[in-house]
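Report on one structure; see the data block that follows.
Residue numbers (our numbering), protein chains in the order written: chain A, 51 to 470; chain B, 47 to 300; chain C, 3 to 315.
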């Protein structure tokens with residue numbers, strides 16, 4: 051890793067370690083969720099970005115990890131002397147075993163068929179789990195309690211946070227080290243050209259199964275961490291939502307970078323935490339962001355930024371400030387317009403407005419962001435229109451000016467770790 | 047057809063391959079002597095690619111046996127055949143585009159050293175492996191391109207890489223599928239020298255269309271026509287063989 | 003006996019409904035190699051649009067206009083969105099359709115609310131088609147089935163008897179060759195996508211009145227439709243029909259069956275032993291009727307990915 055990256059990592063580490071005691075429980079919880087999401091995304095990307103196998107059913111291993119941890123937790127409640135901080139090991143083991151079996155079958159297929167197999171496996175878990183009461187607690191799930199260990203009660207959010215932090219950092223470091231092993235390089239080769247790998251003496255099926263199992267193992271740890279912090283889980287953890295969230299995180303952040311998925315997980319988790327209280331439409335925004343990234347930044351936001359950073363600078367940072375401001379303003383304008391329109395639609399079609407309409411002769415004004423707007427007034431629709439058009443123009447101009455450097459010969463790319 | 051009693055490096059006995067009802071290879075016998083450079087030539091559609099695919103394990107044979115150094119490899123998957131000591135190149139360059147040239151070659155070296163499931167060591171520290179890779183890189187003349195992405199190489203550089211990758215697994219029996227396809231006269235001459243150098247002491251089976259290459263490199267030539275071997279002999283003898291001329295050029299030339 | 007007849011009727015009709023939705027999906031995959039994750043969203047849009055339009059232009063108006071609108075939306079999606087990411091490969095297209103599915107669901111929730119809407123069969127259609135063993139069988143169910151059959155016939159005739167159909171079938175086999183022969187393949191792709199979407203929309207408009215219309219309907223139907231197209235064979239229309247009927251009949255019968263492994267073991271006298279063990283052995287088919295289609299899908303994918311009638315290649 052280059053020195054600037056190392057500095058950035060050290061800084062992030064410092065903040066994550068030192069800051070939380072000064073935050074309120076809500077924020078600590080959000081950081082906890084964010085860390086778990088990052089680990090989940092890193093584990094997922096081992097399969098998706100590094101091996102080229104897109105899994106649409108990773109919730110299966112996340113869920114298996116959750117339940118394994120809960121069962122172990124229940125055992126410690128009954129007297130088993132197992133250290134609480136090591137509870138996620140159960141998730142790792144469960145994920146590994148499930149991943150070996152599932153992976154053996156799933157990697158018999160590739161492409162869309164592989165994705166469908168993983169989807170089917172997750173759906174099997176999801177629809178079967180409510181009927182297996184001993185294993186998955188039926189409809190209501192299983193609940194446990196963190197037992198105190200070595201002087202720690204593990205009763206506060208902060209203690210749980212540090213537990214999560216420790217595990218996430220350890221597993222993250224292991225995944226990073228993985229990319230530096232011969233097997234890690236083989237993983238990338240399989241993505242590029244599986245056939246050639248076979249003809250060079252590797253059993254591709256067994257290799258892919260092992261990769262799948264490793265990915266499932268770390269996913270199991272993430273699931274276990276969530277179960278340990280929530281102290282409960284039910285069959286919903288096998289649901290499509292859990293499988294699809296990790297896909298969103300990874301591809302918005304960028305699947306071709308090691309830290310891309312982390313970026314996506316952090317961005318979306320923060321977004322959910324900050325915005326979900328403000329509006330019910332936050333899932334819509336999430337989907338919209340995902341589609342926009344897929345259309346305009348196919349390597350993800352992380353990928354686009356990294357590619358841009360790598361190009362040799364013709365002009366100084368001062369000269370780039372202007373276009374950067376344009377991009378920021380343009381983006382902000384578009385975002386404001388979209389939010390305004392979405393929220394306006396939400397209000398206009400909502401139940402409250404329907405009630406308002408009933409008593410009035412003409413369409414009454416609606417309230418949004420503290421102001422009143424007339425639904426037929428040109429100002430109401432003109433404002434977002436102007437913001438949108440202006441924003442798009444500014445954004446395009448700014449991006450064009452920013453990327454106005456010579457295209458570089460990608461010789462440096464090979465030196466950077468993960469093939470990017 | 048071996049000139050001494052030593053086991054041939056590669057042996058095909060009664061090999062038949064049909065795709066559905068269409069027979070492509072029909073009862074083919076072929077021996078490639080150890081240490082020889084052996085070419086397979088023939089008109090288009092004769093089955094040369096199919097032959098390579100059968101030997102390297104891409105397709106199963108319909109009937110017949112294939113022996114590598116006397117041991118049967120019929121029906122084995124490609125990775126097992128490779129580990130048994132046979133390595134092939136591809137007519138359409140089949141490299142790892144997004145990895146560096148160095149890594150492309152190292153993939154084979156790692157396999158040779160048995161490091162197929164090594165999740166536990168740092169690859170940068172594996173001195174023996176990296177040295178060996180550097181050596182192969184040097185042999186094919188790609189040292190200064192080692193850090194570049196394989197996808198960024200020129201066509202003939204990629205062909206050289208293709209050969210390097212074929213060698214990297216340390217196999218004794220090398221199959222090269224039209225190694226000089228698409229090359230200019232200069233590039234071909236360089237390729238011939240390279241092939242000569244790297245197959246020193248190994249057994250080579252090569253599909254080629256360029257007769258000058260065959261003449262420069264090979265001890266034996268087999269002519270494949272309609273899925274069967276028409277004749278096997280030295281290049282000079284083959285070029286004078288009337289039946290071969292007829293097969294290539296039709297009745298008029300004979 | 004009554005159970006048999008009613009379940010068969012229900013099963014066939016549900017199967018035909020599944021076929022209406024899966025036909026478009028399998029055609030699109032066969033032709034463009036894209037598994038459209040958003041296909042069930044078109045189904046949902048059809049229902050919601052019909053619901054929104056029917057107060058304005060009547061039930062029949064909504065029924066006719068909603069599929070057209072959905073078809074236009076489908077064409078727009080293909081032309082503007084999918085085509086842009088085509089160069090990045092199938093995985094990328096898959097992801098994009100996945101994102102579109104998310105947006106459509108949330109947009110519907112935004113406009114219509116996160117609860118079911120009262121899209122109902124109009125009173126003039128609420129009569130019994132016939133009576134079976136004392137139970138009235140609703141006409142509207144037959145209407146759903148009839149629409150599906152009519153749709154299949156029209157599609158079949160279109161594909162096999164018209165010039166357009168031949169071009170479409172050629173484009174499915176070898177798109178580049180068809181383009182080299184002078185046919186406008188991009189327009190063909192866009193049209194097929196649009197028609198596929200319109201069919202799903204029609205299914206939604208017709209079925210939404212009978213079954214609950216809520217934001218969850220896309221997700222619920224979506225997975226089953228995937229099972230159908232996999233079992234039938236990705237790309238095969240006939241396979242889709244066969245698999246739809248199979249799954250439709252199975253779902254219909256399974257909910258009423260109290261069979262379990264323990265019951266099976268009764269035949270060899272081990273029934274009570276099985277019941278003592280409990281767990282999996284006493285689970286009834288009716289409770290896991292939702293699981294079995296996925297097991298079937300998994301089996302097909304692993305053993306014979308071409309499905310019942312798909313291309314072996």
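Built from N, CA and C at the ideal position, the CB exists for glycine as well.
Quiz item: In chain order, which continuous runs of the beta strand (DSSP E) of length 3 or greater are located wholly inside the segment 196-277 of chain B?
Solution: 219-223, 249-253 and 266-271, all fully within the segment 196-277 of chain B.
Quiz item: chain C partners of residue 189/A, CB-CB under 9 Å?
Solution: Those do not exist, as residue 189/A stays about 12 Å from chain C at its closest Cβ, beyond 9 Å.
Self-check item: Cβ-based neighbour list, residue 281/A, same chain, cut-off 7 Å, excluding 5 preceding and 5 following
Solution: Leaving aside the five residues that flank residue 281/A on each side, the residues in its chain whose CB is nearer than 7 Å to its CB run, in chain order, 193, 194, 195 and 196.
Quiz item: Does the beta carbon of residue 217/B fall short of 7 Å from some heavy atom of the ligand NAD?
Solution: Questions concerning the ligand NAD fall outside what the structure shown contains, since it holds no ligand whatsoever.
Practice problem: Could you please give me the residues that DSSP links to residue 57/B through a beta bridge? | Solution: Answer is 77/B and 113/B.
Quiz item: To the nearest angstrom, how far is it from the Cα of residue 273/B to the Cα of residue 71/C?
Solution: Cα to Cα, residue 273/B sits roughly 58 Å from residue 71/C.
Exercise. Could you spell out the range, first to last residue, of the beta strand (DSSP E) harbouring residue 422/A?
Key: Here the beta strand (DSSP E) through residue 422/A covers 421-423.
Practice problem: Taking C-beta pairs closer than 9 Å, name the residues in chain C that residue 155/A reaches, listed in chain order. | Solution: When 9 Å is used as the limit between beta carbons, residue 155/A is near these residues of chain C: 300, 303 and 304, in chain order.
Practice problem: From the DSSP output, read off the bridge partner residues of residue 137/C. | Solution: Assignment of beta-bridge partners to residue 137/C by DSSP yields 134/C.
Practice problem: Could you tell me if residue 20/C is buried or exposed, where buried requires 16 or more neighbouring beta carbons within 10 angstroms of its beta carbon? | Solution: Residue 20/C is buried by the Cβ-count criterion.
Quiz prompt | Minimum Cβ-Cβ distance from residue 154/B to chain A less than 8 Å | solution = Using a CB distance cut-off of 8 Å, residue 154/B counts as an interface residue toward chain A.
Quiz item: Assuming residue 234/B and residue 259/B make a contact with CB atoms under 8 Å, what is their CB distance in whole Å?
Solution: About 6 Å; that satisfies the 8 Å criterion.
Practice problem: From the DSSP output, read off the bridge partner residues of residue 199/A. | Solution: According to DSSP, residue 199/A bridges with 202/A.
Practice problem: For the segment 315-327 of chain A and the segment 120-134 of chain A, state whether three or more C-beta atom pairs, one from each stretch, are separated by less than 8 Å. | Solution: By the Cβ criterion, the segment 315-327 of chain A is not in contact with the segment 120-134 of chain A, since fewer than three pairs of Cβ atoms, one from each stretch, lie closer than 8 Å.
Practice problem: Below 7 Å CB to CB, which residues in the same chain sit around residue 141/B once its five sequence neighbours on both sides are set aside? | Solution: The residues are 150, 196, 204, 207, 208 and 211.
Quiz item: Between the C-alpha atoms of residue 308/C and residue 153/A, what's the straight-line distance to the nearest angstrom?
Solution: Rounded to the nearest angstrom, the two C-alpha atoms are 20 Å apart.
Quiz item: Is the CB of residue 145/B under 8 Å away from at least one CB in chain A?
Solution: For residue 145/B, the nearest beta carbon of chain A is closer than 8 Å to its own beta carbon.
Quiz item: Would the segment 163-181 of chain A and the segment 265-279 of chain A be scored as touching if the rule is three or more Cβ pairs under 8 Å?
Solution: Contact between the segment 163-181 of chain A and the segment 265-279 of chain A is absent, because fewer than three Cβ pairs lie under 8 Å.
Quiz item: In its own chain, which residues sit with a C-beta less than 8 Å from the C-beta of residue 465/A, not counting the 5 before and 5 after it?
Solution: Note that residue 465/A scores a pLDDT of 41, beneath 50, so its modelled location is shaky; the value from the coordinates is reported in the next line. Answer for residue 465/A: no residue qualifies.
Quiz item: Closer than 8 Å, CB to CB, is residue 99/B near chain A or not?
Solution: Under the 8 Å criterion on CB atoms, residue 99/B is classed as non-interfacial with respect to chain A.
Practice problem: Just tell me which of 338/A, 449/A and 442/A has its CA closest to the CA of residue 370/A. | Solution: Of 338/A, 449/A and 442/A, the residue nearest in Cα terms is 449/A.
Quiz prompt | Helix, strand or coil at residue 283/A according to DSSP, with G and I counted as helix | solution = Strand, per DSSP.
Quiz prompt | Nearest-angstrom Cα separation, counted from residue 242/B out to residue 263/B | solution = Roughly 7 Å between the two C-alpha positions.
Quiz item: From what residue to what residue does the alpha helix (DSSP H) around residue 190/C run?
Solution: Residues 187-210.
Practice problem: Starting from residue 193/A, follow its DSSP beta bridges and name the residues at the other end. | Solution: For residue 193/A, which the question treats as bridged, DSSP gives the partners 282/A.
Practice problem: For my contact list, residue 430/A and residue 423/A are in at a C-beta cut-off of 8 Å; report their separation, rounded to the angstrom. | Solution: About 4 Å separates the two Cβ atoms, so the contact holds.
Quiz prompt | Residues within the segment 213-247 of chain C neighbouring chain A, beta-carbon criterion of under 7 Å | solution = Of all residues in the segment 213-247 of chain C, only 221, 225, 228 and 232 come within less than 7 Å of chain A when Cβ atoms are compared, listed by chain position.
Quiz item: Shorter than 8 Å from the beta carbon of residue 331/A to some beta carbon of chain C?
Solution: Yes, because at least one Cβ of chain C sits closer than 8 Å to the Cβ of residue 331/A.
Quiz item: Counting only beta-carbon atoms, is residue 149/B nearer than 8 Å to chain A?
Solution: Output row for residue 149/B: interface = yes.
Quiz item: Along the chain, where does the alpha helix (DSSP H) that runs through residue 339/A open and close?
Solution: Start and end: 332-346.
Quiz item: Who are the neighbours of residue 159/A on chain C, taking C-beta pairs under 9 Å?
Solution: Those are 303, 304 and 307, listed as they occur along chain C.
Exercise. Find out if the Cβ-Cβ distance for the pair residue 45/B, residue 236/A is shorter than 8 Å.
Key: The requested residue 45/B does not occur in the structure, where chain B is confined to residues 47 to 300.
Quiz item: With C-beta atoms as the reference, is residue 58/B less than 8 Å away from residue 112/B?
Solution: Cβ distance < 8 Å, so residue 58/B and residue 112/B count as in contact.
Quiz item: Is residue 375/A buried or exposed, if buried means 16 or more other CB atoms sit within 10 Å of its CB?
Solution: Residue 375/A should be labelled exposed.
Quiz prompt | Within-8 Å CB hit, residue 231/A to chain B | solution = Residue 231/A counts as touching chain B.
Self-check item: Contacts around residue 54/B, its chain only, beta-carbon distance under 7 Å, and the 5 residues preceding and following it disregarded
Solution: The answer, listed in chain order, is 48, 77, 78, 79 and 80.
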